[in-house]
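Below you'll find the structure, written out as structure tokens, and then a few comments.
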């Protein structure tokens, strides 16, 4: 039997489970910015989209070990 005790997370809400949980509770997503006008006929609808901030963030991630890169 295999047990997974911790899982790393990196997404638009943050880097790591603690930061993501805190940002989720506060209702903030530092890696996303609202974009209006994406839904035709509904100008008030807002969609969150990735920004260049995310691309800068992703460049700072730790390198992936070659042994697990295919997973």
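Residue numbers (the numbering used here): 295 to 365. Ideal Cβ positions, reconstructed from N, Cα and C, are used throughout, including at glycine.
Cβ-based burial, residue i [other Cβ within 10 Å; buried from 16]
{"i": "residue 335", "result": "exposed"}
{"i": "residue 310", "result": "exposed"}
{"i": "residue 308", "result": "buried"}
{"i": "residue 320", "result": "exposed"}
{"i": "residue 325", "result": "buried"}
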